[in-house]
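**Student:** In our numbering, each residue's number is its place in the sequence shown (first place is 1) plus 126.
Even for Gly, the Cβ is constructed at its ideal location relative to N, Cα and C.
Quick caveat: nothing in here was measured; it's all calculated off a predicted structure.
Handing you this structure, nothing more for now.
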Amino acid sequence: MNSQVLWGGDYDTIHQLSICELIRPKNADFVSVIRYYWDGNQLNMETKLGSEDEVLE
Numbered sequence: 127m128n129s130q131v132l133w134g135g136d137y138d139t140i141h142q143l144s145i146c147e148l149i150r151p152k153n154a155d156f157v158s159v160i161r162y163y164w165d166g167n168q169l170n171m172e173t174k175l176g177s178e179d180e181v182l183e
C-alpha cells in the first residue's frame, strides 16, 4: 500500500503493522526512511534502536 498521506490506523482488522515513510526533500539525490509501528491502538515512531519513542495522534 502506498499513499501521499501517512495511514492513521482506521481498520479494526489490522492489529499490527510496520510502516515506512520515504522522504525525499526538494528533489534531493537521497531518500530518508522514517519507520512507524501500528500496535492496533496507536501509531508509534520507531528509533534506530527499535524502541517506540514517540506516539503520534
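Give the range of the beta strand (DSSP E) segment to which N144 is assigned.
**Tutor:** As a position in the sequence shown, residue 144 is number 18, starting the count at 1. Checking the sequence, you will find Ser at residue 144 rather than Asn. Taken as a continuous stretch (DSSP letters only), the beta strand (DSSP E) holding S144 covers L143 to I149.
**Student:** Look up N153 in the DSSP assignment and say whether it is helix, strand or coil.
**Tutor:** Residue mapping note: residue 153 aligns to position 27 of the sequence shown, counting from 1. Helix at N153.
**Student:** Using three-state DSSP, classify I140 as helix, strand or coil.
**Tutor:** Mapped onto the sequence shown, residue 140 falls at position 14. Three-state result, I140: coil.
**Student:** Let me confirm a value: L169 is counted as buried when at least 16 other C-beta atoms fall within 10 Å, else exposed. Which label applies?
**Tutor:** Translated into the one-based positions of the sequence shown, residue 169 becomes position 43. Buried is the call here.
**Student:** Could you name the residues that DSSP lists as bridge partners for S158?
**Tutor:** Position 32 of the sequence shown holds residue 158. S158 pairs with I149.
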